[in-house]
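Residues in the sequence shown are numbered consecutively from 57, following the working numbering.
All residues carry an ideal CB built from backbone N, CA and C; glycine is no exception.
Some notes on the structure that comes next.
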Amino acid sequence: MEKYRKFIGKKVVIVLSLLCYLMACIFTPFYYSNMPPTEDYLFGSLFCLLLGWAGTLFHEGFLKVYFLAWYSNITYVFAIRSLIKDKYKCFLTLSSITFGLSLLFAFCPEVIIDEAGHTQMITMAAGYYLWVGSFFVLLIGGLYVLFVQNRKGDKRLMNDGRMKSKQQIFFLTKSDIVKMMSMVEIRIPIEYTLLGRVFKILIILMSNLSPKYPPN
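Shown next, in the form of structure tokens:
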């Protein structure tokens with residue numbers, strides 16, 4: 057039952073994350089700040105997904121660092137894989153790197169707009185936020201499934217074990233009762249024989265009250 061709940065939890069997290077990711081591929085990731093949002097000046101998220109890696113080649117100076125965000129698409133795939141295979145440390149590392157890399161582009165001030173190398177300031181749009189949101193959903197949802205649900209499952213198992221141990225006290229076999237009576241005869245001194253007899257009577261009463269067969 058716990059494995060099934062965990063499987064459903066992982067499935068929900070991955071599906072929600074992928075939905076955000078696919079929606080991000082439809083919406084525009086950013087606008088040029090000093091240009092009207094017409095089709096001539098818009099880049100779709102799918103275009104950025106396919107060619108975003110080239111930003112580290114054509115941009116100069118510190119601008120290259122911002123385009124390292126594209127590589128979060130690669131670590132995203134491996135993070136999902138580690139979540140499916142229950143690799144806790146690997147998932148935590150990869151999902152954190154994925155989310156951290158994606159945030160780099162939020163600080164990018166400008167991008168190249170033509171072959172001549174002219175740059176233009178940009179403003180983030182819905183596509184970018186959905187893209188980052190897909191990584192955030194995977195990170196938080198995966199942590200909940202792998203750590204919080206696991207702890208809840210462990211607590212349930214511990215409680216079940218305690219309940220079984222408590223139930224076993226009330227289901228004594230005849231051999232257990234004989235052993236307890238023999239221990240009373242050996243360990244209780246002569247001056248406490250009255251106490252020993254009382255203890256024997258209590259054991260006999262427990263044997264009569266307990267069922268004839270142990271629980272499953």
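Which one of the options has the shortest CA to CA distance from residue i?
i, options, result
"ALA162", "LEU124, LEU148, ALA172 and SER151", "LEU124"
"ILE140", "LEU75, GLY197 and GLY100", "GLY197"
"LEU107", "TYR127, GLU116 and LEU78", "TYR127"
"CYS81", "PHE63, ASN129, ILE64 and ALA110", "ASN129"
"ASN90", "GLY173, VAL167, ALA182 and GLY183", "VAL167"
"ALA172", "HIS115, VAL71, GLY100 and LYS67", "HIS115"
"MET79", "LYS59, PHE155 and GLY100", "GLY100"
"SER151", "VAL69, LYS59, TYR60 and TRP109", "VAL69"
"LEU74", "TYR60, ARG61, VAL133 and LYS143", "VAL133"
"LYS59", "ILE153, GLY117 and ASP142", "ASP142"
Can residue i and residue j be called in contact, C-beta distance under 8 Å?
i, j, result
"TYR87", "ILE169", "no"
"ALA135", "LEU194", "yes"
"PHE63", "ALA182", "no"
Hey, quick one: how far does the alpha helix (DSSP H) through residue i stretch, first residue to last?
i, result
"THR112", "111-114"
"TYR144", "144-160"
"THR131", "128-140"
"ILE196", "182-199"
"MET121", "Note on identity: in this sequence residue 121 is Val, with Met being the wrong assignment. Run containing VAL121: 119-122, per the alpha helix (DSSP H) assignment."
"CYS81", "First-last for CYS81: undefined, no H or E at that position."
"PHE203", "Careful: PHE203 lies outside any alpha helix (DSSP H) and carries neither H nor E."
"PHE103", "101-107"
Go through its chain and collect everything with a Cβ distance to residue i's Cβ below 8 Å, but skip five positions before and after it.
i, result
"PHE147", "ALA135, SER138, LEU139, GLY198 and LEU202"
"TRP36", "Beyond the ends of the chain as shown, which are 57 and 272, falls residue 36; an answer cannot be given."
Go through its chain and collect everything with a Cβ distance to residue i's Cβ below 7 Å, but skip five positions before and after it.
i, result
"CYS76", "LEU186, GLY189, SER190 and VAL193"
"THR175", "GLU166, VAL167, ILE168 and ILE169"
"LEU105", "CYS81 and ASN129"
"LYS66", "LEU139, ILE140 and VAL201"
"THR149", "none"
"PHE155", "PHE191, PHE192 and LEU195"
Enumerate in chain order the residues of its own chain whose CB-to-CB distance from residue i is below 6 Å, with the five nearest sequence positions on each side excluded.
i, result
"LYS120", "THR112"
"TYR122", "LEU160, PHE161 and CYS164"
"ILE153", "THR131"
"TYR144", "LEU202"
"LEU72", "VAL193"
Assuming residue i contacts residue j under a Cβ cut-off of 8 Å, what Cβ separation, rounded to an integer in Å, is found between them?
i, j, result
"LEU102", "THR131", "Not confirmed; about 19 Å, so no contact."
"TYR184", "PRO85", "4 Å"
Give the range of the beta strand (DSSP E) segment to which residue i is assigned.
i, result
"TYR88", "86-88"
"GLU166", "166-168"
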